[in-house]
Each structure stands twice: as C-alpha cells, then as structure tokens.
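A.B. asks:
Residue numbers (mature numbering (1 follows the signal peptide of the UniProt record, and there is no 0)): -19 to -1, 1 to 401.
1. For residue 207, write down the residues that DSSP places opposite it in a beta bridge.
2. Compute the beta-carbon to beta-carbon distance between residue 73 and residue 96, rounded to the nearest angstrom, for a pair I have assumed lies under 8 Å.
3. Buried or exposed: residue 88, going by 16 or more other Cβ atoms within 10 Å of its Cβ?
4. In the structure shown, what three-state DSSP assignment does residue 109 receive?
5. The beta strand (DSSP E) that contains residue 193, what's its start and end?
6. My understanding is that residue 156 touches residue 188, with C-beta atoms under 8 Å, so please give their C-beta distance in whole angstroms.
7. On the criterion of 16 or more Cβ atoms from any shown chain inside 10 Å, does residue 3 qualify as buried, or is it exposed?
8. Below 8 Å, can you find three or more Cβ-Cβ pairs linking the region 313 to 326 to the region 65 to 72?
9. Could you pull the DSSP bridge partners for residue 50 from this structure?
10. Among 43, 142, 236, 324, which has the Cα closest to the Cα of residue 340?
11. When you compare the region 164 to 180 with the region 210 to 221, are there three or more beta-carbon pairs, one atom per stretch, that lie closer than 8 Å?
12. Should the region 53 to 69 be regarded as contacting the region 29 to 44, the criterion being three or more beta carbon pairs within less than 8 Å?
13. Where residue 279 and residue 181 are concerned, what is the direct C-alpha to C-alpha distance, given to the nearest angstrom?
14. Check whether the Cβ atoms of residue 121 and residue 369 sit closer than 7 Å, and answer yes or no.
15. The alpha helix (DSSP H) spanning residue 67 covers which residue range?
16. Taking a contact to mean a Cβ-Cβ separation below 7 Å, would you say residue 198 touches residue 173 in this structure?
17. Under a Cβ-count criterion, where at least 16 other Cβ atoms within 10 Å of its own Cβ denotes burial, should residue 6 be classed as buried or exposed?
18. With a threshold of 8 Å on Cβ separation, who are the neighbours of residue 335 within its own chain once the five nearest residues in sequence on each side are excluded?
19. Using the rule of at least 16 other Cβ atoms within 10 Å of the residue's Cβ for burial, across every protein chain shown, is residue 112 buried or exposed?
20. Would you call residue 248 buried or exposed, if buried means 16 or more other Cβ atoms sit within 10 Å of its Cβ?
21. Pull up the distance between the alpha-carbon of residue 317 and that of residue 301, whole angstroms please.
22. What number of angstroms, rounded off, separates the C-alpha of residue 141 from the C-alpha of residue 125?
23. For residue 350 versus residue 234, is the C-beta distance shorter than 7 Å?
24. What span of residues does the alpha helix (DSSP H) with residue 285 cover, start to end?
25. Quick check: the region 202 to 215 against the region 238 to 246, are at least 3 beta-carbon pairs closer than 8 Å?
26. Give me whichever residues DSSP pairs with residue 96 in a beta bridge.
27. Exposed or buried, which one is residue 39 when buried takes at least 16 other CB atoms within 10 Å?
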C-alpha cells in the first residue's frame, strides 16, 4: 500500500444536460485524527487551481465538500459514500486503507462509478505507478549493486514492493523481518550482530524518523552500511546526522523537485496554504515549499487527471445525471464512457509523466537518489521503457567516498657502525 492511510473521494453533482455541467460538486473523504493535513491541502489547492485556470474546464466551476472517516469504522464510511451517491456521485477517489477500500470498491463496481485510487477493479484508475514496474525498479538496483546478502525491514500494512517477488527474482541470502516501531531497535541490533550491512527499509513514512534515530543509537551509520529506502519521501526527512559519516542511503523519488514547473507549483501551494492554515502549520505541512510528499502530489495529479478526462469527454459526449442509490444497485450508464476517457489521459504532473493501461499507470519516471556529504543528489533514473540508467556510478563504487583511514607506521631503526 502506498499512500499511508490517506483517503479522499470525489463526488460530482450534475445539473446540466450538455457536455460538462457548469457546476461540479466535489466531495472528499480524509482520515480522522491523523494530525496530517498535507493531502487535504493538496486536494483543496488542486480544485482551487482548476477553478482559477480556465484552460481545462472554461465553462465549469468545481465546488467541494470534505468528510472525515475512521479506518476502524467501515460502516460509517459506507454510509457516507452511499449518502453522497444518492445526491449525484459520478466518481470516487478511494482510500488507501485496504478494509475501507474494499467496501468502496464494491459500491463502485455495482454502480459503474469510476474509482480513482489504488484499486485494480474494472471501474478504477490507479494514479500510483504500477506495482509490477516499481518491483522491477528495486530489483534492477539491487542487481546493479550486486547484493548477495541483505536484510529487509518491512511493516505488515505498508509494502511498496512485493517482497516475495523480490526474494524469488534475486539470488541472494535474504533476511526478512516484520517490524513495528517498538521492534526497530532490536531488529537493527540483530542485523548488526549478524554483520548484515545492506538493508532494505520498507516501512511507512510515519516510522522513518524513529528508525533513523535507532540507527544512530546502534552506531550503524558508517560507510560499510547501505540502506535502501522504499519510501519515495526520503528528501522530506532530516538526514543531517548522516551526511558526514559516509553511510550509504539510497532511495527513489517520484517528484522531481528540481523541475522548474514543480518548483512554481510548490511555491503557489505554499502561498495557498497560508490562507487556509495558520502560518506555523503551513510551514509544517509544506516544508517551506522545498519539497512535497508523494501522497499529496499524487492527490494533486489525480484531481487533474480527472479534470482532463472530463475535458476530453466534453468534446464528444454529454454527461447525464443519473439517480443512483446503493439500495437499488442500478448501474450508471455514463460511467463506462467517463472511465474510458480518464484511462486515455496522458499528462505530465507533479509526479512526472502519466499514462494508463487498463487503469494502471504505466508511464512514469523514478529518480534514483543518494545521500552525499552535503546533500541528496540524483545519481540515476528508472523508467518502464528504459529501465535503470545510472548516471553517477562512482557514488556507489568509488573508494574515495568511503571513510578510509590511512594508518602510517613509523619504525625507528638503530643502525650501529660495525668495526672490523
């Protein structure tokens, strides 16, 4: 699972009979009591930006309502979805949580409502890169690094990569350990005692800060260790304590923060955030416009993918209102057309190039990044078409990057003159 518990749904209330209606009502579901608002902010900003920029939907204005749900209350979630369906739902952005997503997916399938989220059902669009391709990207890097013995720390409810596929695809001695924040320290200590120096970290972003502290506690932050994080959000964490010990930290990123267009959007997003949250909160959620977490970036792109699909549909079809209810389970006859147009979208967003095949994202670019002494730098990239391309191989194999100490031994010899 990829978006770490975030959830949001888009609902459309249509009152027009030609093309795309002048007003589209959008609803969103977000998790309760998480203390994180970056995904909600990205959603609000995407809608705001669409309404401000009339190039996509010049005759349409989007308004939204936001609901909050608990991952432990699937009944409440279903009730809220069905109530919004009854007032005119035309599309749903499903949650990451597998329990909630299952219930929402069943509603979408029954009513032929497009589901934009993480599902692989018939009426779904997954904006996150296809897991099959993501697995291949990590496998290619591990093969490039020639890891023949490594450990894996993974969390049960996370999983960027398919661990079983990885272990089958690589001929290596693999030590897999399921962890929680309470067990990070003990598992790291186990790996240290077993001299396992190459470690894949497959945990949610919520636990990475704690794990980094545990690595420091175990003094496992020297050059012989190599940590390969599956999180795409490595640049959002404080790695100051790791910069000068030559420890190897590698990861992929989906958002290229060096891209000029991305920088402009992040600046505008920060300004927009200050109008919604208090200034201190805006700094926290936006990281001062330097970077953005993958989850809110995907949400931003999801809203735009949906809007582009609507724009394309408008050119040749009319979106009609259907009176749908969860009780009757009568499918919406416009759902298939809408999902087909969304599935045909090709666009470059915050998360790079986007293209779909049968609802799965098959066009994207992953930047391979590595920690160096002064900053995190891009050292390569992976694409479904070109596979792995390492642009700076020296950062992986150059002995000069290691913390090498030369020991000079001086031997004093006492030469005595021999007399004959």
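For glycine and all other residues, C-beta sits at the position ideal for the given N, C-alpha and C.
These figures come from a predicted structure and were not determined experimentally.
C.D. replies: If we stick to the structure as given:
1. 179, 229
2. 5 Å
3. buried
4. strand
5. Run containing residue 193: none in the beta strand (DSSP E); it sits in the alpha helix (DSSP H), 189 to 198.
6. Not a contact, Cβ separation roughly 19 Å.
7. exposed
8. yes
9. 12
10. 324
11. no
12. no
13. 24 Å
14. yes
15. 55 to 67
16. no
17. buried
18. 108, 282, 286, 326, 327, 328, 329, 342, 344, 345
19. buried
20. exposed
21. 12 Å
22. 20 Å
23. yes
24. 275 to 295
25. no
26. 73, 105
27. exposed
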